[in-house]
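Each residue of the sequence shown is one higher than the last, beginning at 1 in UniProt numbering.
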Amino acid sequence: MSSAQSFPPSDKQSVRTLWISDVHLGTRDCKAEHLARFLKRYRADTLYLVGDIIDGWRLRSGIYWPQAHTNVIRRLLTLSKRGTTVIYVTGNHDEFLRRYSALVLGNIQLVDEAEHVTADGRRLLVIHGDQFDVVTRCHRWLAFLGDSAYGVTLVLNRWLNHWRERWGYGYWSLSAFLKHKVKTAVNFIGDFEEAIAHECLRRGFNGVVCGHIHHAEIRRLGAVEYLNCGDWVESCTALIEHWDGTIELYRLADEQALLARRGAELASVVGTAA
């Protein structure tokens, strides 16, 4: 399962399903512009919003809502209007929506979890995943404290990528890098994955699509297929199901690297011809 190919913005690719999670609209670190461009490229039968699309935690302390965030909402509504079934799975940062679970507005459904059957017949549990995070579930004050520390990391990440862009480098996530290096973060991710895989086995699912930990991945955990959408704050990732049932992981960084290589190759060809 490889990273998704790069498609020119004018070409709409038809796919069976898209999954995105952890957009965190209402925060300064949401990569809304990138997400809007990504959504504009695809026609999908079904789009799952796998939690934390709107960050209610941050909006409590102050309103931050630039035009780019409205553009994402408009893009989602446009997809729904054009026939895409949009299934909004609630998360912990948009838990204020959980009181309205089972609400249906045209092609938009609001649920706490969903079952997705792939084109080749696999049953996947679609759930945000905060239910399997002990800190979020049992020690809410620690979750808010951790969210504040995480926010500091994202501010550093924002400035780092500002200068990387000015110097011609692609997007790179400091916070995602730290998750791979800090032992407690690695252990937390491992515990989360094992807990959610165990629940899938208990309920008879073939796999799970989730978000929550901002760590995109496709891999097998024993008999369970584990698919994490990642986020649009750190890594800008999504899951894409094609018409044969194969699911691949899209990463913005991979796409930018591919475009950079193509640009360098084109420049080399032009230089040689000259």
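Ideal Cβ placement from N, Cα and C applies to all residues, glycine included.
Since we're looking at a predicted model, the values are computed, not measured.
Here residue 107 carries a coil assignment [DSSP, helix/strand/coil]. Between the region 17 to 27 and the region 49 to 59 there are three or more inter-stretch CB-CB distances shorter than 8 Å, so the stretches are counted as touching. Apart from the 5 residues on each side of it in sequence, residue 200 sits with its Cβ closer than 7 Å to the Cβ of 125, 207, 208, 224 in its chain, given in chain order. The residue among 131, 33, 14 with its C-alpha nearest the C-alpha of residue 233 is 33. Here residue 258 is not bridged, per DSSP, to any residue.
Per the coordinates, the alpha-carbon of residue 48 lies some 6 Å from the alpha-carbon of residue 86. Going by DSSP, residue 124 is part of the beta strand (DSSP E) stretching over 123 to 127.
With 16 or more other Cβ atoms from the protein chains shown falling within 10 Å of its own Cβ, residue 241 counts as buried. If you keep only unbroken alpha helix (DSSP H) runs of at least 4 residues inside the region 12 to 44, you get 32 to 40. Counting the other CB atoms within 10 Å of its CB gives residue 29 a total of 16 or more, which places it among the buried residues. Shown here, residue 92 sits in coil according to DSSP, grouped into three states, outside any helix or strand. In the DSSP annotation of this structure, residue 98 is not part of any beta strand (DSSP E), being labelled neither H nor E. Nearest in C-alpha terms to residue 226, of all of 192, 92, 102, is 192. Setting aside the 5 residues that flank it on each side, residue 98 is surrounded in the same chain by 90, 112, each with a C-beta closer than 8 Å to its C-beta; the list follows chain order. Between the C-alpha atoms of residue 65 and residue 94 there is a straight-line separation of about 15 Å.
Annotation for residue 237: the continuous beta strand (DSSP E) segment containing it runs 237 to 241. For residue 74, the enclosing alpha helix (DSSP H) stretches over residues 67 to 81. A Cβ-Cβ contact shorter than 8 Å links residue 230 with residue 215.
For residue 207, the uninterrupted beta strand (DSSP E) segment begins and ends at 207 to 210. Residue 232: not part of any alpha helix (DSSP H); DSSP gives it neither H nor E.
Contact check for residue 116 against residue 210 fails: the beta carbons are separated by 8 Å or more. Around the CB of residue 204, fewer than 16 other CB atoms lie within 10 Å, so the residue is classed as exposed. DSSP places residue 64 outside any beta strand (DSSP E), giving it a letter other than H or E.
Taken atom to atom, the span from the alpha-carbon of residue 246 to that of residue 219 is near 13 Å.
Listed in chain order, the non-local C-beta contacts of residue 72 below 6 Å within the same chain comprise 32, 35, 36, local neighbours out to five positions each way being set aside. Ranked by Cα distance from residue 198, the first of 221, 217, 256 is 221.
For the pair residue 39 and residue 194, the Cα-to-Cα distance works out to about 31 Å. With contacts defined by Cβ atoms closer than 8 Å, residue 110 and residue 88 form a contacting pair.
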